[in-house]
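> Sharing a structure with you now.
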Amino acid sequence: MVDRSDPLVAMQDRLQPRLPLWVKAVITLCCLIQAAVIAADVLDYPIVRQALLIFGGFWSPVVWAGQGVFPGHVLTMFATYGFLHAGLLHLGMNMLSLVALARELNRLIGARRMALVYAVTQVAAALLFAVMTPDGGPMIGASGAIFGLAGALIGFAAVTGWRRRRPLGQLWRGVAMMVVLNVALTVLMPSVAWEAHLGGVLAGLALGAAMAMTRSPRPSALL
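For the sequence shown, this note's numbering gives the first residue as 266, with consecutive numbering after it.
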């Protein structure tokens, strides 16, 4: 048994970045949906996958038409597309990235603000996708919002470093790595919606920078 009243244990708990409950819920829901799709495919019910893409995927033409296959479809797909994935590799890459980013960003801005960033950047990612590819769809995956978290982390760290007059060399290397990764994914997987990645990053950068301007980072973020 671990004694949580021990000052050293309490300090380690504060310093150890944790996953907020909402992040665990997102991961669980994404995994359950993917498991249901795989099970339906094994049982020879491909209509399940097709229905999820039609009703849950993001379709640019639906945005421009202002109506979909059911009332409210124009709005619901901005949320549902982020919980669908093309396969286990797609799901695994996104969930691992989400865990890594969420742990660090939670320590900087807290669970509630991070949830706001996730929601806003998921919508922003879809909007830019709709603008740049008006005939595109279905677009699925959590990577738009995940790139949004990455953008928020960079924006927050950049503004905080600038305010504290700290060298930003490591930060820009991180930015360069993210750009290279996105370009590589686009080249290797032409179906990747880089427009959504771009929308998420830009919205995340703006949100992260704004949060840094109005709030100082927590002491643990300086370690």
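Cβ coordinates follow ideal geometry from the N, Cα and C atoms, glycine included.
For the alpha helix (DSSP H) that residue 306 lies in, which residues bound it at each end?
As a first step, residue 306 must be located in the sequence shown, where it is residue number 41. First-last of the alpha helix (DSSP H) with residue 306: 286-307.
> What are the partner residues of residue 323, as DSSP defines its beta bridges?
Translated into the one-based positions of the sequence shown, residue 323 becomes position 58. Paired residue(s): 404.
> According to the neighbour-count rule (16 or more other Cβ atoms, all chains shown, within 10 Å of its Cβ), is residue 456 buried or exposed?
For the purposes of this step, residue 456 is taken as residue 191 along the sequence shown, with counting starting at 1. By the 10 Å Cβ count, residue 456 comes out exposed.
> Candidates 408, 370 and 312: which alpha carbon is nearest residue 283's?
The residue labelled residue 283 in the question sits at position 18 within the sequence shown. Cα-wise, what sits closest to residue 283 is 370.
> Please state if the CB of residue 467 and the CB of residue 382 are separated by a distance shorter than 8 Å.
In the sequence shown, the residue the question calls residue 382 occupies position 117. In the sequence shown, the residue the question calls residue 467 occupies position 202. Cβ atoms of residue 382 and residue 467: not closer than 8 Å.
> What separation, rounded to the nearest whole angstrom, lies between the Cα atoms of residue 308 and residue 318?
For the purposes of this step, residue 308 is taken as the residue at position 43 of the sequence shown. For the purposes of this step, residue 318 is taken as the residue at position 53 of the sequence shown. Computed Cα separation, rounded: 18 Å.
> If you run the structure through DSSP and keep just helix, strand and coil, what is residue 422?
To locate residue 422, count along the sequence shown from 1; it is residue 157. The answer is helix: DSSP assigns residue 422 an H, G or I state.
> Grab the span of the alpha helix (DSSP H) containing residue 354 for me, first residue to last.
Here residue 354 refers to the residue found at position 89 when the sequence shown is read from its first residue. Start and end: 353-374.
> When DSSP labels each residue in this structure, what does residue 394 get in the three-state scheme?
Residue numbering aside, residue 394 sits at position 129 when the sequence shown is read from its first letter. Residue state, collapsed to three classes: helix.
> Measure the Cβ-Cβ separation of residue 366 and residue 292 and say whether it is below 8 Å.
The count along the sequence shown starts at 1 and reaches residue 366 at position 101. The count along the sequence shown starts at 1 and reaches residue 292 at position 27. In this structure, residue 292 does not lie closer than 8 Å to residue 366 by Cβ.
> Would you call the CB atoms of residue 390 and residue 461 closer than 8 Å?
Residue numbering aside, residue 390 sits at position 125 when the sequence shown is read from its first letter. Residue numbering aside, residue 461 sits at position 196 when the sequence shown is read from its first letter. In this structure, residue 461 lies closer than 8 Å to residue 390 by Cβ.
> On the CB-based measure, 16 or more other CB atoms within 10 Å of its CB, does residue 334 come out buried or exposed?
Residue mapping note: residue 334 aligns to position 69 of the sequence shown, counting from 1. By the neighbour-count rule (16 or more Cβ atoms within 10 Å), residue 334 is not buried but exposed.
> Is it true that the region 399-413 meets the region 318-329, where meeting means three or more beta-carbon pairs spaced less than 8 Å apart?
The region 399-413 is in contact with the region 318-329.
> Only counting the same chain, and skipping five residues up and downstream in sequence, which positions put a Cβ closer than 7 Å to that of residue 415?
As a working note, residue 415 is residue 150 in the sequence shown. Excluding positions up to five away in sequence, the list reads 366, 443, 466 and 469.
> Given a cut-off of 8 Å on the beta-carbon distance, is the pair residue 424 and residue 363 in contact?
In the sequence shown, counting from the first residue as 1, residue 424 sits at position 159. In the sequence shown, counting from the first residue as 1, residue 363 sits at position 98. Contact: no.
> Pick helix, strand or coil for residue 472, following the three-state DSSP scheme.
On the sequence shown, residue 472 is found 207 positions in, with the first residue counted as 1. In the structure shown, residue 472 sits in a helix (DSSP, three-state: H, G or I).
> On the three-state DSSP scale, how would you describe residue 350?
The sequence position of residue 350 within the sequence shown is 85, counting from 1. DSSP places residue 350 in coil when its eight states are reduced to three.
> Closest to residue 419 by CA distance: which of 330, 397 and 374 is it?
Taking the first residue of the sequence shown as position 1, residue 419 is located at position 154. Per the Cα distances, 374.
> List the endpoints of the continuous alpha helix (DSSP H) containing residue 339.
Your numbering for residue 339 matches position 74 in the sequence shown. First-last of the alpha helix (DSSP H) with residue 339: 338-345.
> With 16 other CB atoms within 10 Å as the buried threshold, where does residue 392 fall?
As a position in the sequence shown, residue 392 is number 127, starting the count at 1. So residue 392 ends up on the buried side.
> Counting C-beta neighbours from all protein chains within 10 Å, is the total for residue 372 16 or more, i.e. buried, or is it exposed?
Translated into the one-based positions of the sequence shown, residue 372 becomes position 107. Flag for residue 372 reads buried.
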